[in-house]
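Asks: Structure in structure tokens, see below.
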Amino acid sequence: MKVFVAGGSGAVGRRLIPQLVAAGHDVAATTQNPVSERLLRELGAAPVVCDVFDAPRLAKAVAVAAPEVVVQQLTRLPHRLRGRGLARQYAANNRVRAQGTRNLIAAARAAGARRLVAQGMAIWYAPRGDGRLHGEDDPLWSNAPEPIGTGVRTMQDVEDAVLRDPALEGVVLRYGLLYGPGTWYAPDGDVAEQVRRRRYPVLGSGEAVYSFLHVDDAAAAAVAALDGPAGVFNVVDDEPAPMSTWLPEYAAALEAPPPRRLPGWLAKPVAGRGPVSWLLSLEGADNRRARETLGWQPRHASWRSGFRADAQNT
Ligand SMILES: NC(=O)c1ccc[n+]([C@@H]2O[C@H](COP(=O)([O-])OP(=O)(O)OC[C@H]3O[C@@H](n4cnc5c(N)ncnc54)[C@H](OP(=O)(O)O)[C@@H]3O)[C@@H](O)[C@H]2O)c1
Numbered sequence: 003m004k005v006f007v008a009g010g011s012g013a014v015g016r017r018l019i020p021q022l023v024a025a026g027h028d029v030a031a032t033t034q035n036p037v038s039e040r041l042l043r044e045l046g047a048a049p050v051v052c053d054v055f056d057a058p059r060l061a062k063a064v065a066v067a068a069p070e071v072v073v074q075q076l077t078r079l080p081h082r083l084r085g086r087g088l089a090r091q092y093a094a095n096n097r098v099r100a101q102g103t104r105n106l107i108a109a110a111r112a113a114g115a116r117r118l119v120a121q122g123m124a125i126w127y128a129p130r131g132d133g134r135l136h137g138e139d140d141p142l143w144s145n146a147p148e149p150i151g152t153g154v155r156t157m158q159d160v161e162d163a164v165l166r167d168p169a170l171e172g173v174v175l176r177y178g179l180l181y182g183p184g185t186w187y188a189p190d191g192d193v194a195e196q197v198r199r200r201r202y203p204v205l206g207s208g209e210a211v212y213s214f215l216h217v218d219d220a221a222a223a224a225v226a227a228l229d230g231p232a233g234v235f236n237v238v239d240d241e242p243a244p245m246s247t248w249l250p251e252y253a254a255a256l257e258a259p260p261p262r263r264l265p266g267w268l269a270k271p272v273a274g275r276g277p278v279s280w281l282l283s284l285e286g287a288d289n290r291r292a293r294e295t296l297g298w299q300p301r302h303a304s305w306r307s308g309f310r311a312d313a314q315n316t
């Protein structure tokens, strides 16, 4: 099948293209950076140099590719995350998600595509405080403290636009916290660097529950979503885990010293009130719907083996 990937050079896109090609699909993929053209070609895609904010050019590129399915893997997030400047960084991300997805939907529709698969977030559910994992029907945290709240509302709008388009089958893959090559948690990534310096502490009681996802499994879910049911799916691994459990194991996999602990009230002035409140409220997500109806299951069922495998592969 012909597949058009918007964001082919990102952390997920780079794992997705080879999986699509291996499954026999004919892939065109975008980058805005001509330097990444060669990378896309080596991965097996026909490169398309295009800024998704340039709607006419994007429409033309999608029309030429004539895909059956368009896959949106667009983000604009920095490789180094710091509390200060986060609002500005999120604003850029929100813009590419909102405007970029709108332009992509219009282009997909005009080109006669059947389906649009888009990246969502399984780590933005409104906290409930009852210890249960979140299912897809739970509300997102639209009034989360800033700058998270604006990010969540933007994502809600993106999801609505994808799922309610009358001309396209819409699929939203709500990814967990991505780890693996090219991410913050990769052994050469920003979180790993901070953990090695003991600057990435267990926050508060350490009870906040994180749902991780390896980039290979994020890509595999996008391949699985080319067919089958439309709708929203949590795409997370099988072992949501409290920070007090995963962070020491992550540090051990990196052969880094054990993390320190830091009360939330002390972390907020440094890392920002909104982001820290959000991290302290994480509750984890349930992947049952994706497993049962998408025919997807994580190859890295747990971050435990995933973190170790990544550390050994570098
Ligand atoms: N759920 C999660 O935990 C999650 C989700 C997403 C990202 N992240 C993290 O964010 C960090 C950065 O992610 P990333 O490496 O995927 O890179 P990124 O810089 O966020 O870019 C992702 C993709 O979007 C494309 N893109 C962005 N703006 C565009 C525009 N205006 N027009 C066309 N394409 C555009 C990029 O293309 P170009 O080649 O033009 O740059 C790239 O292919 C990583 O650490 C990743 O783990 C986490």
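If you read the sequence shown in our numbering, its first letter stands for residue 3, the second for the next number, and so on. Positions of the beta carbon are idealized from the N, C-alpha and C atoms, including for glycine. Since the structure is predicted, the reported quantities are computational estimates derived from the model, not experimental observations.
Quick one: measure Cβ to Cβ for V211 and A124, integer angstroms, because I've assumed they're closer than 8 Å.
Replies: As a first step, residue 211 is located in the sequence shown; it is residue number 209 there, counting from the start. As a first step, residue 124 is located in the sequence shown; it is residue number 122 there, counting from the start. Their Cβ separation, rounded to whole angstroms, is 12 Å, which puts V211 and A124 out of contact at 8 Å.
Asks: Give me whichever residues DSSP pairs with A30 in a beta bridge.
Replies: Position 28 of the sequence shown holds residue 30. Paired residue(s): F6, A48.
Asks: Who pairs with E285 in a beta bridge, going by DSSP?
Replies: On the sequence shown, residue 285 is found 283 positions in, with the first residue counted as 1. Looking at the DSSP assignment, E285 forms a beta bridge with V211.
Asks: Let me check understanding here. Comparing Cα to Cα, which of A63, S144, G274 lies closest to A105?
Replies: Here residue 105 refers to the residue found at position 103 of the sequence shown. Contrary to the premise, residue 105 reads as Asn rather than Ala in this sequence. Answer by Cα proximity: A63.
Asks: Rounded to whole angstroms, what is the Cα-Cα separation between R263 and G206?
Replies: Your numbering for residue 263 matches position 261 in the sequence shown. Your numbering for residue 206 matches position 204 in the sequence shown. Cα to Cα, the separation comes out at about 7 Å.
Asks: Among residues of its own chain, excluding the 5 on either side of L60, which ones have a beta-carbon nearer than 6 Å to its beta-carbon?
Replies: In the sequence shown, residue 60 corresponds to position 58, counting from 1. Excluding positions up to five away in sequence, the list reads C52, V54, N105, A109.
Asks: Please confirm whether V193 and R17 have their CB atoms less than 8 Å apart.
Replies: The residue labelled residue 193 in the question sits at position 191 within the sequence shown. The residue labelled residue 17 in the question sits at position 15 within the sequence shown. No; because the gap between Cβ atoms is not below 8 Å, this pair is not in contact.
Asks: Are T103 and Q75 close, meaning C-beta to C-beta below 8 Å?
Replies: Reading the sequence shown from its first residue, position 101 is the one you call residue 103. Reading the sequence shown from its first residue, position 73 is the one you call residue 75. No, the pair does not count as a contact, with Cβ atoms beyond the cut-off.
Asks: Buried or exposed for H136, please, with buried defined as at least 16 other CB atoms from any protein chain shown within 10 angstroms of its CB.
Replies: As a first step, residue 136 must be located in the sequence shown, where it is residue number 134. Answer is buried; the Cβ neighbour count reaches 16.
Asks: Report the rounded CA-to-CA distance for I150 versus T77, giving the unit in angstroms.
Replies: Position 148 of the sequence shown holds residue 150. Position 75 of the sequence shown holds residue 77. If I take the Cα positions, the gap works out to 15 Å.
Asks: Kindly indicate which residue of A232, A287, R99 has the alpha-carbon position closest to the one of L79.
Replies: Locating residue 79 in the sequence shown gives position 77, counting from the first residue. Ranking the options by Cα distance to L79, first place goes to R99.
Asks: Helix, strand or coil for R117 per DSSP?
Replies: The residue labelled residue 117 in the question sits at position 115 within the sequence shown. Note: R117 maps to strand in three-state DSSP.
Asks: Rounded to a whole number of angstroms, what is the C-alpha to C-alpha distance between M3 and V23?
Replies: Working through the sequence shown from its first residue, we reach residue 3 at position 1. Working through the sequence shown from its first residue, we reach residue 23 at position 21. Distance between the alpha carbons of M3 and V23: 10 Å.
Asks: Looking at the unbroken beta strand (DSSP E) that takes in G233, where does it start and where does it end?
Replies: Position 231 of the sequence shown, counting from 1, holds the residue named residue 233. First-last of the beta strand (DSSP E) with G233: 233 to 237.
Asks: What are the residues that DSSP puts in a beta bridge with D243?
Replies: In the sequence shown, residue 243 corresponds to position 241, counting from 1. A small fix is needed here, since residue 243 is Ala in this sequence, not Asp. A243 pairs with Y212.
Asks: Answer yes if the region 185 to 203 comes into contact with the region 144 to 162, meaning at least three C-beta pairs across the two stretches below 8 Å, and no otherwise.
Replies: With a cut-off of 8 Å, the region 185 to 203 and the region 144 to 162 do not count as touching, because too few Cβ pairs lie within range.
Asks: Quick check: what's the CA-CA separation for R134 versus P141?
Replies: As a position in the sequence shown, residue 134 is number 132, starting the count at 1. As a position in the sequence shown, residue 141 is number 139, starting the count at 1. If I take the Cα positions, the gap works out to 14 Å.
Asks: For N96, does the count of other Cβ atoms within 10 angstroms reach 16, so buried, or fall short, so exposed?
Replies: Position 94 of the sequence shown, counting from 1, holds the residue named residue 96. Looking at its Cβ environment, which holds 16 or more other Cβ atoms inside 10 Å, N96 is buried.
Asks: What's the gap between the Cα of G9 and the Cα of P49?
Replies: If you number the sequence shown from 1, residue 9 lands on position 7. If you number the sequence shown from 1, residue 49 lands on position 47. Cα-Cα distance, rounded: 11 Å.
Asks: By alpha-carbon positions, which one of T316, P168, G178, V173 ends up nearest to L284?
Replies: For the purposes of this step, residue 284 is taken as residue 282 along the sequence shown, with counting starting at 1. Considering only alpha carbons, the answer is G178.
Asks: How big is the Cα-Cα spacing for A128 and G46?
Replies: For the purposes of this step, residue 128 is taken as the residue at position 126 of the sequence shown. For the purposes of this step, residue 46 is taken as the residue at position 44 of the sequence shown. Looking at the two C-alpha atoms, the distance is approximately 39 Å.
Asks: What do you get for T32, buried or exposed, if any count of 16 or more other CB atoms within 10 angstroms of its CB means buried?
Replies: Residue numbering aside, residue 32 sits at position 30 when the sequence shown is read from its first letter. That one is buried.
Asks: Does DSSP put V73 in a helix, in a strand, or in coil?
Replies: Indexing the sequence shown from 1 puts residue 73 at position 71. Annotated three-state conformation of V73 is strand, per DSSP.
Asks: Can you list, in chain order, the residues of its chain with a C-beta nearer than 7 Å to that of D288? Leave out the 5 residues immediately preceding and following it.
Replies: Here residue 288 refers to the residue found at position 286 when the sequence shown is read from its first residue. These residues qualify, in order along the chain: L135, H136, G137, N236.
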